[in-house]
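Asks: Numbers in our numbering are just positions in the sequence shown, counted from 1, shifted up by 10.
We treat Cβ as the ideally placed atom computed from N, Cα and C, and that holds for glycine.
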Amino acid sequence: MAAVVHHEMSPILKSTSSQWVLQVALDVPVSVSNTGVFDYAPCEVEWSSPDDWLGRAVLVSFGRQQVVGWVVGHAAQTDVPADKLKAISAVLAFVPRADGMWLQLIRFMARYYQRGLGEVALPALPTALRTASQFQEVDGRLSLGVGKQAWKKWQAMSVAPAPLSLSAGLLLSEEQERVLAQLTQAAQAPRQSPQLLFGITGSGKTEIYLQYLAGVLANHPDAQVLVLVPEINLTPQFYARLTARFGDDAVVSLHSKLNESTRLVNFWRASSGHARVILGTRLSILTQLPNLAAIVVDEEHDSSYRQQEGVRYSARDVAIYRAHQLNIPIILGSATPSLETWHAAQTGKYGLHILRQRAISGAKPPAVQLVDTNKTIMMDGLSTALRSVIDKTLAAGKTSLLFQNRRGYAPVLYCGHCGAVNDCTACSAHMVYHQTTRLLHCHHCGTQKRVPKACASCGNADLLPVGQGTQRLEETVQNHWKAARVRRIDADITRKKGQLETQLADIAAGEVDIIIGTQMLAKGHDWPNLTTVGVLDVDGGLFAQDYRAPERLFAQLQQVIGRAGRGQHAGHVIIQTTFPEHPLWRHILAHDYESFAADELAVRAQLGLPPFAAHALLQVAAPRIKDALEFANAARTAALNIIDEHGFDTLTINAAVPMQMMRKNAQERAQLLIESPQRSKLQAFLPHWQAALTQLKSRLTWFVEVDPAEI
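Here's what the structure looks like:
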């Protein structure tokens, strides 16, 4: 039930006679405003100094509507005519005032990622606090519509930092003790640098995080620590471990699946300094944390740390900058570090700490077996060897995991008569058949449609599902092992609140015999009863065009392999492949990340790819590919002119080309890649180019992505 909550302040709609103006950052794209900052006159408030306005969230009139903005500066004069200069409508005391360090962080992100200040700053707020319609004037006071219980809960809390109730940690192995001591010593350095904790799966990295953070919190009475995880589904068990160690009152989680009331309370607790331990996904790196003393980035290599909409930033990289800005320690943890992080550790830029043994005494990495599907009898996608191992696992009362990173029933619905397939009309992609709903889904734009009764091309009614998704695999497994307790876990199953937690709890309780899952289950989960893993249908990653594909596939495989044999019982992993001679398998079979990384870095150095170069990618979307390419070519001409004028001779301006997936959401897409061996030179070039792009005055959708995840 929504409630109206009153906060004592008056939204006076007239400016003072002040001779200065306030600079307010609004969430508008750079194609509208190169900086996203607009001038407003101050309204009447209790303070008079312009510096007192900095960092305050305000309501302003923009166009025909009221919007939320941040005051990021002030000036003695403005180019806006006096009769056009609008006054700030109200100051939003519901939003904590941002300090100078947070504003500096936002300015850095806006500059580095070539976006407006408001585009970066406003998404840091919960939806209710950045939506102007939530604020209303009632009896001369500004009101916020929030959950009644959420507001009461927050009002009842003390502003003081929450007390800790520290519990004892687990007994560490000798190797863990050594690494913890190294990390603690590194934190004593006068100038902090990132520390990479490189440990095989099951080596006990999480327990090291907990004991390290306990030391930070014990030594600093008001300190806050931030723990980042790449995906929401990893938060339940991590949250349970944090609250068990530090107490329920000290810990909050921040992610997009929280209901708005909980999100608001957790935000207020974190941004006021009340919460001591903040667990969050990439969103949380932008939260104001006044007493931040340490950061942990778990699974630092994970691509989910990359924001794919709006401002395309890397939460890991922003975390590294924030730690540098505050001169606080940051730990980057992974069993398969990103090649950029590994290279930084190998060259001494980052500290390096290695765990080579599993934390549980006697536990070893599982044996990995490669099965050549060309030379074995397959039954509905399962090899003889895999079926045999699962039989033995069931007989022993243990659990098996089948990894199939493709949801739905079948990736293609095919006409056996004329060969036609059902494609998405809005995207360059096939529609995936979901048998449970009898619908065809596009996994790129979300379009759904009913399964046709006959082929649209020839009228043939015999349409065949080709390939295997998790739904079809579940059907196969249940038919073959009829007595087994089979559980499928993917994004389709876990859409409703609480479903994922229930599924994971059942697995942990030993109530599941065979798990079928996607990458949701590939990392972070610790199930001692799980001894067998089968990996299906990953050959596509061996030959993908993206240069990062081998790195991602290696990380994904090592993570899913690492789910097996984490307890006292030996693990067994079977990987089915049609290409057993591919060189990647040599590293996988040996659990040898270091040699894999060395080989990949050598290739990237030879080709001039990150981390040996920096990239910026212009993406353009238009109804016709002709128009998208025309804008991209105009952007290329502008880039070449800037190089001629300013002498950015180290930059390479590639040709404008259609994107690999050319059509998406009914838009045709083109791209233009810019490369430089020196990041500083690319960063110096980008503001000039951004200004030139804005001058092109196109109605097309475009943006520049810095350090793109894919090219």
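Any chance the stretch 310-318 sits against the stretch 279-289, with 3 or more Cβ pairs inside 8 Å?
Replies: Segments in contact, no.
Asks: For Cys452, which residues from the same chain have a beta carbon less than 8 Å from its beta carbon, with the 5 sequence-adjacent residues on both sides left out?
Replies: Position 442 of the sequence shown holds residue 452. The residues are Cys434, Ala436, Cys437, Ala439, Met441, Val442, Gln458.
Asks: Go ahead and pull the three-state DSSP assignment for Val14.
Replies: In the sequence shown, counting from the first residue as 1, residue 14 sits at position 4. Residue confidence is low: Val14 scores 34 on pLDDT, short of 50, so the model does not pin down where it sits. No coordinate-derived value is stated.
Asks: For the stretch 604-679, which segments carrying the alpha helix (DSSP H) assignment without a break, of at least 4 residues, lie completely within its bounds, in sequence order?
Replies: Here the runs fully enclosed are 635-656.
Asks: Taking Ala354 as the reference, give the member of Gln367, Gly572, Ile330, Ile338 with the closest Cα.
Replies: In the sequence shown, residue 354 corresponds to position 344, counting from 1. Comparing Cα-Cα distances from Ala354 to each of Gln367, Gly572, Ile330, Ile338, the minimum goes to Ile330.
Asks: With burial defined as no fewer than 16 other Cβ atoms inside 10 Å of the residue's Cβ, what is the status of Thr512: buried or exposed?
Replies: Locating residue 512 in the sequence shown gives position 502, where the first residue counts as 1. Under this definition Thr512 is an exposed residue.
Asks: For Asp536, tell me which candidate among Asp556, Ile517, Leu302, Ile341 has the shortest Cα-Cα distance.
Replies: If you number the sequence shown from 1, residue 536 lands on position 526. Of the candidates Asp556, Ile517, Leu302, Ile341, the one whose C-alpha sits nearest the C-alpha of Asp536 is Ile517.
Asks: Quick check on DSSP: helix, strand or coil for His490?
Replies: Along the sequence shown, read from residue 1 onward, the residue named residue 490 stands at position 480. His490: helix per DSSP, three-state reduction.
Asks: When you compare the CB positions of Val68 and Leu102, do they come within less than 8 Å of one another, or not?
Replies: Here residue 68 refers to the residue found at position 58 when the sequence shown is read from its first residue. Here residue 102 refers to the residue found at position 92 when the sequence shown is read from its first residue. Cβ atoms of Val68 and Leu102: closer than 8 Å.
Asks: Measure the C-alpha to C-alpha separation of Asn337 and Lys162 and round it to an integer number of angstroms.
Replies: Here residue 337 refers to the residue found at position 327 when the sequence shown is read from its first residue. Here residue 162 refers to the residue found at position 152 when the sequence shown is read from its first residue. Distance between the alpha carbons of Asn337 and Lys162: 36 Å.
Asks: Using 8 Å for Cβ pairs, my map puts Gln700 next to Tyr122. What's the rounded Cβ distance?
Replies: If you number the sequence shown from 1, residue 700 lands on position 690. If you number the sequence shown from 1, residue 122 lands on position 112. Between Tyr122 and Gln700 the Cβ distance is about 12 Å, and since that is not below 8 Å, they are no contact.
Asks: Going by beta carbon distance, what residues of the same chain come within less than 7 Å of Ala644, once the five residues before and after it are set aside?
Replies: To locate residue 644, count along the sequence shown from 1; it is residue 634. Once the five neighbours on either side are set aside, the close Cβ partners of Ala644 are Leu706.
Asks: With C-beta atoms as the reference, is His363 less than 8 Å away from Gln205?
Replies: Position 353 of the sequence shown holds residue 363. Position 195 of the sequence shown holds residue 205. A contact, by the Cβ cut-off of 8 Å.
Asks: Check whether the stretch 565-584 and the stretch 340-347 touch, using three or more Cβ-Cβ pairs below 8 Å as the test.
Replies: Result yes; three or more Cβ-Cβ pairs closer than 8 Å.
Asks: Looking only at C-alpha atoms, which of Val716, Gly551, Phe72, Val543 sits nearest to Gly581?
Replies: Here residue 581 refers to the residue found at position 571 of the sequence shown. Per the Cα distances, Val543.
Asks: Please list, in chain order, all residues of the same chain as Leu510 whose beta carbon is under 6 Å from its beta carbon, the five residues on each side excluded.
Replies: Looking up residue 510 in the sequence shown gives position 500. Result list for Leu510: Asn243, Thr504, in chain order.
Asks: Where does Glu715 sit, in a helix, a strand or coil, going by DSSP?
Replies: Position 705 of the sequence shown, counted from the start, is the residue given in the question as residue 715. Of the three classes helix, strand and coil, the one that applies to Glu715 here is strand, per DSSP.
Asks: In chain order, what are the residue ranges of uninterrupted alpha helix (DSSP H) at least 4 long that sit wholly in the stretch 366-437?
Replies: Correct list: 394-405.
Asks: Using DSSP bridges, identify the partner residues of Ala260.
Replies: In the sequence shown, residue 260 corresponds to position 250, counting from 1. According to DSSP, which records beta bridges pairwise, Ala260 is partnered with nothing at all.
Asks: Quick one: grab the DSSP three-state call for Trp278.
Replies: Counted from its first residue, the sequence shown places residue 278 at position 268. Reduced to three states, the DSSP call for Trp278 is helix.
Asks: Report the three-state DSSP secondary structure of Glu591 (helix, strand or coil).
Replies: Along the sequence shown, read from residue 1 onward, the residue named residue 591 stands at position 581. Glu591: coil per DSSP, three-state reduction.
Asks: Does Asp61 pass the burial test, meaning 16 or more other C-beta atoms within 10 Å, or should it be called exposed?
Replies: As a first step, residue 61 is located in the sequence shown; it is residue number 51 there, counting from the start. Answer is exposed; the Cβ neighbour count stays below 16.
Asks: Looking at the secondary structure, which residues open and close the beta strand (DSSP E) in which Val570 lies?
Replies: For this step, residue 570 is matched to residue 560 along the sequence shown. Where Val570 is concerned, there is no enclosing beta strand (DSSP E), although the alpha helix (DSSP H) it sits in stretches over 559-571.
Asks: Where in the stretch 102-170 do unbroken runs of the alpha helix (DSSP H), each at least 4 residues long, occur, reported from the N-terminal end onward?
Replies: Taking only runs of at least 4 residues, the alpha helix (DSSP H) segments lying wholly in the stretch 102-170 are 110-123, 127-131, 137-140, 158-166.
Asks: From Glu720 to Met671, what does the alpha carbon distance come to, in whole angstroms?
Replies: For the purposes of this step, residue 720 is identified with residue 710 of the sequence shown, where counting begins at 1. For the purposes of this step, residue 671 is identified with residue 661 of the sequence shown, where counting begins at 1. C-alpha separation (whole angstroms): 11 Å.
Asks: Does DSSP put Ser25 in a helix, a strand or coil?
Replies: Translated into the one-based positions of the sequence shown, residue 25 becomes position 15. Model confidence at Ser25 stands at a pLDDT of 43, short of 50, so the residue's coordinates are unreliable and nothing is read from them.
Asks: Would you check if there are 3 or more beta carbon pairs closer than 8 Å linking the stretch 477-494 to the stretch 402-416?
Replies: Enough Cβ pairs lie closer than 8 Å, so yes.
Asks: Is the Cβ-Cβ distance between His265 and Leu293 less than 8 Å?
Replies: Here residue 265 refers to the residue found at position 255 of the sequence shown. Here residue 293 refers to the residue found at position 283 of the sequence shown. Yes, the pair counts as a contact, with Cβ atoms nearer than the cut-off.
Asks: Please identify the residue among Val306, Arg107, Met530 whose C-alpha is closest to the C-alpha of Trp278.
Replies: The residue given as residue 278 occupies position 268 in the sequence shown. The option with the nearest alpha carbon to Trp278 is Arg107.
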